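Residue numbers (the working numbering), protein chains in the order written: chain U, 7 to 281; chain C, 3 to 359.
To start, the structure under review is shown below, and the notes come after it.
Below, the structure is given as structure tokens:
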């Protein structure tokens, strides 16, 4: 009886998966390997190697890497500090970091636009303090800043969860055995927080790889990432869904491969295969 | 085995029912079409009060739908699920639809107020409707430079100003393929409708050179950024320019002396429409002086309706050269033509090469 009950419960989920994951994915694969006449072709998938696509791909990779590093460098110390102050997940300090996520991310990105403009809030504040104005809007730096800001909570929360779960006694024991603060962080907290760090990195790196809206809003059309190339294939005057699907599929493939490599190295070290 | 089959069957039934739910909710719009017309237009491109007025006068109900880009319109029209009676779109897309034999000739004799449309606009329409058979002009305009008089003390009446090193990071370009190529093509002495790949490549080289001077490539935000004094000059459509000038009195608009692109949005009656007479009545209505006047006040783009133009005093015309351009501008400007899918694809390629440069 129980078995049938649980089967029925999975029903809606399976239907959801079929309609919104399996069928769309199947369509993308179908379009990727066909041309507009419906015949089989590899051109669309291979076109990722074409300079006009390879260049934005490399740019996306570099920028996602930088974004991930920035998010990690900010999150890791913060997670340790937060876990010290509040073991309680509902504390006000933790809330303060999650709160911005409750606002629509387009609005948050638009706000950055107003801050970074040539005569935006940032430069006006600089002016008051007699500093030179900075030209940030419509640069790569603005896109990196905006994306890092948007994805920061996705790095912070998993690391915080992992760090908060570490038993106080383990750290006390290390201290007792003469470990300095640096050694505790490096040899105790860091390895124990590894599952959180890995999921944090995955959750920041992968979506920033295919990001295009932030690049559009803060890059002023000058920062052209692989996401923009795919978007153009679907949306421009000369729309080519086959090319767009091919590029998406290649990008997906590359991300899966890099994740596999990552998992392989990670296993060799500590054995936390979590993604 | 048996149970497995049953599960699959149950699953299939559920899937199908969910799907059919989607489908039925999409196709419930089968209203009585005898006294309706379905109109398809750009977003926010008509005074909506006119639709009610039209219904009150004629008893014909207007089902009004909007689209964002000509390409989106074309995709939806081609899909065929809605039988549009009237579509308003831009020159090159209309040309494409006329070429593809998707339109029905318009019976101008049945229209009382068609005479309000000035002769030069019929002449202009010949660019995409060579026999003046299928279209009724709606609004038109130019592409030019919007500049901030606080930051530049002369009139940048030449496209060469877009390559002026002095305004590095202070130039905004249009983020669309063909518009962005206009300045470079014209400066090289080429037609903006050139199909010569060598000329297009040369224009690309110039645009790549220009890229380090460009602050941003934008579409809708061009107006906002110019209003907020973000840049010295921007390539912009005349209608947008006039709107920007309402918010910032330091902005001025100029069509460069080398010439530019001129565009026109017109109405067509597509094949497959159910209410031809209703469509004609609607077209006649929006050409009528009072309706055209109200519509012009709302949209505020250049109107081809001379009955409306007559009533506007010279002072207003002089003040807004974006909406009321000098006569000689027409002779300097060229209209976009549909270049065929081969050149379209080439443009798309060049655009990407500019973006990754």
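We put the beta carbon where it would ideally sit given N, CA and C, even for glycine.
Computed from a prediction, not measured in an experiment: that's the story for all the values here.
>> Taking CB distances under 9 angstroms as the criterion, tell me whether residue 175 of chain C reaches chain U.
In response: Stepping through the second chain from its first residue, residue 175 of chain C is reached at position 173. Chain U, which has a Cβ nearer than 9 angstroms to the Cβ of residue 175 of chain C, makes this yes.
>> Using C-beta distances below 6 angstroms, list every residue in its chain close to residue 115 of chain C, excluding the 5 sequence neighbours before and after it, in chain order.
In response: Against the second chain, residue 115 of chain C aligns to sequence position 113. So the list reads 286, 289 and 290, once near-sequence residues are dropped.
> Hey, how far is the Cα of residue 3 of chain C from the Cα of residue 76 of chain U?
Replying inline: Reading the second chain from its first residue, position 1 is the one you call residue 3 of chain C. Reading the first chain from its first residue, position 70 is the one you call residue 76 of chain U. Its pLDDT being 39, under 50, residue 3 of chain C is placed unreliably by the model, and the measurement read from it follows with that caveat. When rounded, the distance between both Cα atoms is 54 angstroms.
>> Give me the DSSP bridge partner(s) of residue 145 of chain C.
In response: Numbered from its first residue, the second chain carries residue 145 of chain C at position 143. According to DSSP, residue 145 of chain C bridges with C/239.
>> Using a Cβ-Cβ distance cut-off of 9 angstroms, determine whether residue 227 of chain C contacts chain U.
In response: Residue mapping note: residue 227 of chain C aligns to position 225 of the second chain, counting from 1. True, the Cβ-Cβ gap to chain U drops below 9 angstroms.
> Apart from the five residues just before and just after residue 140 of chain C, which ones in its own chain have a Cβ nearer than 7 angstroms to its Cβ?
Replying inline: Walking along the second chain from the start, residue 140 of chain C turns up at place 138. Closer than 7 angstroms at the Cβ level, and outside the excluded window around residue 140 of chain C, lie 90, 267, 268 and 269.
>> residue 220 of chain C and residue 226 of chain U - do their beta-carbons sit closer together than 9 angstroms?
In response: Numbered from 1 along the first chain, position 220 holds the residue referred to as residue 226 of chain U. Numbered from 1 along the second chain, position 218 holds the residue referred to as residue 220 of chain C. Taking 9 angstroms as the Cβ cut-off, residue 226 of chain U and residue 220 of chain C qualify as a contacting pair.
> Can you give, in chain order, each stretch of the beta strand (DSSP E) that sits fully within the region 87–169 of chain C and has at least 3 residues?
Replying inline: 88–92 and 138–150
> Per DSSP, what kind of secondary structure is residue 255 of chain C in: helix, strand or coil?
Replying inline: Against the second chain, residue 255 of chain C aligns to sequence position 253. Of the three classes helix, strand and coil, the one that applies to residue 255 of chain C here is strand, per DSSP.
> If you run the structure through DSSP and keep just helix, strand and coil, what is residue 30 of chain C?
Replying inline: Mapped onto the second chain, residue 30 of chain C falls at position 28. With a pLDDT of 43 at residue 30 of chain C, under the threshold of 50, the modelled position of that residue is not reliable, and no figure is offered here.
> Which same chain residues, not among the five before or five after residue 30 of chain C, have their C-beta less than 8 angstroms away from its C-beta?
Replying inline: Taking the first residue of the second chain as 1, we reach residue 30 of chain C at position 28. Because residue 30 of chain C sits at a pLDDT of 43, beneath the cut-off of 50, its placement in the model cannot be relied upon, and the following sentence gives the value as read from the coordinates. The answer is none, since no qualifying residue turns up.
> Taking contact to mean at least 3 C-beta pairs separated by less than 8 angstroms, is the region 38–56 of chain C in contact with the region 239–255 of chain C?
Replying inline: no
> If we cut at 9 angstroms on Cβ distances, does residue 263 of chain C have a partner in chain U?
Replying inline: In the second chain, counting from the first residue as 1, residue 263 of chain C sits at position 261. Residue 263 of chain C does not count as touching chain U.
> What are the boundary residues of the beta strand (DSSP E) that residue 68 of chain C is part of?
Replying inline: Taking the first residue of the second chain as position 1, residue 68 of chain C is located at position 66. Here the beta strand (DSSP E) through residue 68 of chain C covers 63–69.
> Would a C-beta distance cut-off of 9 angstroms place residue 323 of chain C and residue 237 of chain C closer than the cut-off?
Replying inline: Residue numbering aside, residue 323 of chain C sits at position 321 when the second chain is read from its first letter. Residue numbering aside, residue 237 of chain C sits at position 235 when the second chain is read from its first letter. No, the Cβ-Cβ distance between residue 323 of chain C and residue 237 of chain C is not below 9 angstroms.
> Going by beta carbon distance, what residues of the same chain come within less than 6 angstroms of residue 139 of chain U, once the five residues before and after it are set aside?
Replying inline: Working through the first chain from its first residue, we reach residue 139 of chain U at position 133. For residue 139 of chain U, where only same-chain residues beyond five positions count, the Cβ hits under 6 angstroms are 129 and 132.
>> Below 9 angstroms on C-beta distance, what does residue 242 of chain U contact in chain C?
In response: Numbered from 1 along the first chain, position 236 holds the residue referred to as residue 242 of chain U. Within 9 angstroms Cβ-Cβ: 73, 178, 179, 350 and 353.
> What residues of chain U sit near residue 358 of chain C, judged by a beta carbon separation below 7 angstroms?
Replying inline: Looking up residue 358 of chain C in the second chain gives position 356. Those are 58, 61, 62 and 230, listed as they occur along chain U.
> residue 352 of chain C: buried (16+ other C-beta within 10 angstroms of its C-beta) or exposed?
Replying inline: Residue numbering aside, residue 352 of chain C sits at position 350 when the second chain is read from its first letter. Under this definition residue 352 of chain C is a buried residue.
> Candidates U/217, U/215 and U/172: which alpha carbon is nearest residue 197 of chain U's?
Replying inline: Start at 1 with the first residue of the first chain, and residue 197 of chain U comes out as number 191. When each option's Cα is compared against that of residue 197 of chain U, the closest is U/172.
> Which of the three DSSP states, helix, strand or coil, is assigned to residue 218 of chain C?
Replying inline: As a working note, residue 218 of chain C is residue 216 in the second chain. Three-state DSSP puts residue 218 of chain C in a strand.
>> I need the straight-line Cα distance from residue 150 of chain U to residue 151 of chain C, nearest angstrom please.
In response: As a first step, residue 150 of chain U is located in the first chain; it is residue number 144 there, counting from the start. As a first step, residue 151 of chain C is located in the second chain; it is residue number 149 there, counting from the start. Roughly 34 angstroms between the two C-alpha positions.
>> Between residue 42 of chain C and residue 76 of chain C, how many whole angstroms is the CB-CB distance? I'm expecting something under 8 angstroms.
In response: Taking the first residue of the second chain as 1, we reach residue 42 of chain C at position 40. Taking the first residue of the second chain as 1, we reach residue 76 of chain C at position 74. That pair is no contact at about 11 angstroms.
> What residues of chain U sit near residue 218 of chain C, judged by a beta carbon separation below 7 angstroms?
Replying inline: By 1-based counting over the second chain, the position of residue 218 of chain C is 216. In chain order: 144, 226, 227 and 228.
>> Output needed for residue 252 of chain U: all residues of its chain with C-beta closer than 7 angstroms, excluding positions within five of it in sequence on either side, in chain order.
In response: Here the question's residue 252 of chain U lines up with position 246 in the first chain. Closer than 7 angstroms at Cβ, skipping near neighbours: 38, 50, 51 and 53.
> Closer than 8 angstroms, Cβ to any Cβ of chain C: which residues of the region 89–119 of chain U, in chain order?
Replying inline: none
>> Output needed in chain order: residues of the region 232–252 of chain C with a Cβ under 7 angstroms from some Cβ in chain U.
In response: 232
> In this structure, does DSSP put residue 140 of chain U in helix, strand or coil?
Replying inline: Here residue 140 of chain U corresponds to residue number 134 of the first chain, with the count starting at 1. Here residue 140 of chain U sits in coil by DSSP.
> Under the DSSP definition of a beta bridge, which residues are partnered with residue 336 of chain C?
Replying inline: As a working mapping, residue 336 of chain C is identified with position 334 in the second chain. Per DSSP, C/263.
> Cα separation between residue 104 of chain C and residue 312 of chain C?
Replying inline: The residue given as residue 104 of chain C occupies position 102 in the second chain. The residue given as residue 312 of chain C occupies position 310 in the second chain. The alpha-carbon atoms of residue 104 of chain C and residue 312 of chain C are separated by roughly 35 angstroms.
> To which residues does DSSP link residue 175 of chain C through a beta bridge?
Replying inline: Taking the second chain and counting its residues from 1, one reaches residue 175 of chain C at position 173. Residue 175 of chain C is bridged to C/219.
> Between residue 261 of chain U and residue 212 of chain U, what straight-line distance do the alpha-carbon atoms span, to the nearest angstrom?
Replying inline: Taking the first chain and counting its residues from 1, the one referred to as residue 261 of chain U is at position 255. Taking the first chain and counting its residues from 1, the one referred to as residue 212 of chain U is at position 206. Rounded to the nearest angstrom, the two C-alpha atoms are 7 angstroms apart.
>> Against chain C, with Cβ distances strictly below 9 angstroms, would residue 235 of chain U count as a contact?
In response: Walking along the first chain from the start, residue 235 of chain U turns up at place 229. Judged by the 9 angstroms Cβ criterion, residue 235 of chain U is in contact with chain C.
>> So with CB distances below 8 angstroms, who are the chain C contacts of residue 199 of chain U?
In response: Within the first chain, residue 199 of chain U is the residue found at index 193, counting from 1. Going along chain C, no residue has its Cβ under 8 angstroms from residue 199 of chain U, so there is no contact; the nearest lies around 38 angstroms.
> Alpha carbon to alpha carbon, how far is residue 190 of chain C from residue 205 of chain C?
Replying inline: Reading the second chain from its first residue, position 188 is the one you call residue 190 of chain C. Reading the second chain from its first residue, position 203 is the one you call residue 205 of chain C. The alpha-carbon atoms of residue 190 of chain C and residue 205 of chain C are separated by roughly 7 angstroms.
> Between the region 124–139 of chain U and chain C, which residues of the former have CB atoms less than 8 angstroms from a CB of the latter, in chain order?
Replying inline: 124 and 125
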